[in-house]
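The sequence shown runs -15 to 116 under the working numbering.
Just so it is clear, CB atoms sit at the ideal spot from N, CA and C, and this is done for glycine as well.
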Amino acid sequence: MKIGEVAKAANVNIETIRYYEKYGLISESPRTDSGYRIFFAEVIEDIRFIKRAQGLGFSLEEIKKLLSVSREHEFHAEEMHHFMMNKAEEVEVKIQELKSMKNLLEDLAGKCPRSKVAKDECPIIQKLEGVN
């Protein structure tokens, strides 16, 4: 398959495929005599795997490890479980950080007088400038 066909089948753009190949997420494809890359159908599934893993919050470096584990002859499910639990813990930390950010934003918004005030009297500007 040519790169455009793979891109269409995997629902990504051509640059994404080139990047994944350069980054080592998908194997380099052989070229025809005229220089066209020829991809095997398995690449489509690899790209879909990558996109699904990205959707779960995995970085490309983490996805490279996941792909490596999934391709090992002696697959160990506990490794995948470990990957997932670590990512779940990271997500929980991010959730707590986002909740703290939300609370701070709501607190700042609540202190806003909602009327015309000078910039140096605005509690939001004061907080962002480090005053108080």
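May I have the straight-line CA-CA distance separating residue i from residue j, to the nearest angstrom?
i	j	result
Q110	A102	11 Å
S13	I22	6 Å
E90	S99	17 Å
I31	H65	21 Å
E76	K95	29 Å
Q80	T16	52 Å
Could you name the residues of the same chain whose beta carbon sits closer than 7 Å to that of residue i, not counting the 5 residues immediately before and after it, in chain order?
i	result
I34	Y4, L9, I47
N(-3)	A(-9)
Y20	K(-14)
Using the beta-carbon count (16 or more within 10 Å), is residue i buried or exposed?
i	result
A25	exposed
A37	buried
L50	buried
A93	exposed
A61	exposed
F130	Because residue 130 is not part of the residues shown, which for the chain are -15 to 116, the question remains open.
I108	exposed
Taking 6 Å as the limit between beta carbons, can you name the residues of its chain near residue i, skipping five residues before and five after?
i	result
A(-7)	I28
What residues in its chain sit with their C-beta under 8 Å from that of residue i, if we drop five residues either side in the sequence?
i	result
L40	K71
Ordered list of alpha helix (DSSP H) runs contained in the stretch 35 to 70, each at least 4 residues: Secondary structure remark: continuous alpha helix (DSSP H) runs of at least 4 residues inside the stretch 35 to 70, in chain order: 44 to 55.
Give, in chain order, every unbroken run of the alpha helix (DSSP H) that is at least 4 residues long and sits entirely within the stretch -6 to 33. Within the stretch -6 to 33, the complete alpha helix (DSSP H) runs of at least 4 residues are -2 to 7.
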